[in-house]
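To start, the structure under review is shown below, and the notes come after it.
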Amino acid sequence: MYDAIVTAPGSLGDVNPLLAIARALKARGLDVAFVAAERYLPLAERAGLKTVALTSNAEFDRLVGNPAIWRPRQGVKLILRDALVDFMERHYRWLEQNCVPGKTLLVSHLLDFAGRIFRDRHPETRMATVVLSPAMLRSCSDPPRASGLGIERMLPGWAMPLAYRCADWYIDRFACPPVNRLRKSLGLPTAKRLLNHWWFAPDLVLGMFPEWFSVPGADLPANFVHCGFPLADSVELVPESVRSEVESALANTGPRPVVFAPGTAHHHAGQFLEIAARVCEKLDRGAILLSPEASQLPARLPPRVVTAKYLPFSLLLPHAGAIVHHGGVGTTSQAFAAGLPQVVLPMAFDQFDNADRVARLGCGSWLPMRRLSEKRLEALLLAAPDAQAIGEFARRVSSEAKCKDWLDRLLPLDRQK
């Protein structure tokens, strides 16, 4: 039995912020279990946390190995259908054995549907839902961008409720059956429109981003709290050899290299990284290409272009000149903090909305990854804003990180313990 259970489905960008929360709770003296994909548990174990595997390495590889996961509609379907089937019911059974209603605090990623069902089954359970990006929220006056088409931005505000209902009809067709099978077995009523309000915990919703990167306040849930960017990349937990890798990479690229980061769970980035290497050779720019999959890295590297599996952004980005990335909110926030111009190449999920917000703030530009070419990437890099133009956001992020006790804002519920 635990004082707190922190559940983090997803890739490293999902894991790091929730791992920071788990570590902060442990520092407050709580007995914490951290639940995540098997491949990320060594990080939590190095932090001294008790860990539970949510998905095996084989299950994770099967999911991210499917190229359809990086297409807007198919990706959502794969996550909400296949991933739910893989781990939801067994995670719920584990919660029944290890979560004490009225005592254990649940801190859950939005996709922890098992935790949300447990909260309905045991309403005395205290639960905080963690929202990592504003794309997961809904707004009629300033709707988050869901794809490269931007259809939601073309609709008048009065039509958005109907648009959201249509989206829910599509999503509920494949997400509701596994959810409601489990709910029925527990004597709970049928759930509908899962992504409308249901997936937010009734107790507290924590937005891991600042107000200036959010939807309008009038559209937020009543129990929503902005926590600012966590800027958590678990740098304290990586082996010392990784710090040496950062120094070596920077020494071999020259000053202010371009960092190319397609995402830690992107196993189909070969073409992107090939284009990146060729463009940097043409522009005579140093570059660092990141991919955990060696098979995705170019066979031939131009001078001053190096590769690495993973380098913590908090160590790397302050020394970079620009970053080209997939639009994950963790990478986006670290680029803001470093004052870097960004070129965002979104593929699915929240990436289009994050990319759009970067461009609207004047901190970079974006292009759907499927439209990438050497000519377009070269033009985007040459047109990137200079550091002085975006320095305001680096100062703002730094100020927000230093001026508050973020744990007090993140988890007021733990005071009820």
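Each number in my numbering corresponds to the 1-based position in the sequence shown with 3 added. From the three backbone atoms N, C-alpha and C, an ideal C-beta is built for every residue, glycine too.
Residue burial classification, residue 54 (beta-carbon count within 10 angstroms, cutoff 16): buried
Taking only three categories from DSSP, how would you classify residue 312? coil
What does the alpha-carbon distance come out to for the pair residue 273 and residue 299? 4 Å
Neighbourhood of residue 396 by C-beta, 8 Å cutoff - its chain only, sequence neighbours within 5 removed: 339, 342, 364 and 366
Just how far apart, CA to CA, sit residue 420 and residue 129? A caution first: residue 420 carries a pLDDT of 45, below 50, which makes its placement in the model too unreliable to give a value.
Can residue 244 be considered in contact with the ligand ZN, in the sense that its beta carbon sits closer than 7 Å to one or more heavy atoms? The ligand ZN is not part of the structure shown, which contains no ligands of any sort.
Tell me, which residues are paired with residue 2 by DSSP? Since the first residue of the chain shown is 4 and the last is 420, residue 2 is not available in this structure.
Integer-rounded CB distance, given that residue 21 should sit under 8 Å from residue 134: Their Cβ separation, rounded to whole angstroms, is 11 Å, which puts residue 134 and residue 21 out of contact at 8 Å.
Determine contact between the region 36-43 and the region 10-17, defined as no fewer than three beta-carbon pairs at a distance below 8 Å. yes
Compare the C-alpha of residue 180 against each of 251, 306 and 80 and name the closest. 80
Could you say if the region 372-387 and the region 280-287 meet the contact criterion of at least three C-beta pairs nearer than 8 Å? yes
Using a Cβ-Cβ cut-off of 7 Å (strictly less than) and excluding sequence neighbours within five positions of residue 91, which residues of its own chain qualify? 116, 117, 181 and 185
Quick one: what does DSSP say residue 91 is sitting in, helix, strand or coil? helix
Have a look at the DSSP bridge pairing and note the partners of residue 54. 37
Identity of the residues DSSP links to residue 200 by a beta bridge: Its beta-bridge partners do not exist; DSSP assigns none.
In three-state DSSP terms, what is residue 8? strand
Just confirm the distance between the C-beta atoms of residue 370 and residue 348, as a whole number of angstroms; I'd bet it's less than 8 Å. 6 Å
In terms of alpha-carbon separation, which member of 389, 346, 5 and 206 lies closest to residue 382? 346
Every unbroken alpha helix (DSSP H) inside the region 107-194 [4 residues or more]: 116-124, 154-157 and 163-188
Which full runs of the beta strand (DSSP E) of 3+ residues lie inside the region 346-373, going along the chain? 367-369
Distance check for residue 219 and residue 17, CA to CA, integer angstroms please. 24 Å
Going by DSSP, what residues sit across from residue 228 in a beta bridge? 209
To the nearest angstrom, report how far apart residue 170 and residue 358 are at their CA atoms. 21 Å
How about residue 325 and residue 344: are their beta carbons less than 8 Å apart? yes
Indicate the three-state DSSP secondary structure (helix, strand or coil) for residue 101 in the structure shown. helix
How many angstroms separate the CA atom of residue 165 from the CA atom of residue 88? 29 Å
Would you kindly work out how many angstroms separate the C-alpha atoms of residue 276 and residue 236, rounded to a whole number? 23 Å
What separation, rounded to the nearest whole angstrom, lies between the Cα atoms of residue 197 and residue 105? 25 Å
Under a three-way DSSP split, which group does residue 241 fall into? coil
Note the first and the last residue of the continuous beta strand (DSSP E) segment covering residue 18. Unbroken run through residue 18 is the alpha helix (DSSP H), 15-30; no beta strand (DSSP E).
Across the region 195-214 and the region 119-126, are there enough close Cβ pairs to call them in contact, namely three or more that are closer than 8 Å? yes
Apply the 10 Å Cβ neighbour rule to residue 96 and answer buried if 16 or more other Cβ atoms are within range, or exposed otherwise. exposed
Can you tell me which of 51, 19 and 44 puts its alpha carbon nearest to the alpha carbon of residue 34? 51
Cut-off 7 Å between Cβ atoms - residues of its own chain near residue 403, not counting five sequence neighbours on either side: 213 and 231
Mark residue 103 as exposed unless 16 or more other C-beta atoms lie within 10 angstroms of its C-beta, in which case mark it buried. exposed
Roughly how many whole angstroms lie between the Cα atoms of residue 4 and residue 100? 8 Å
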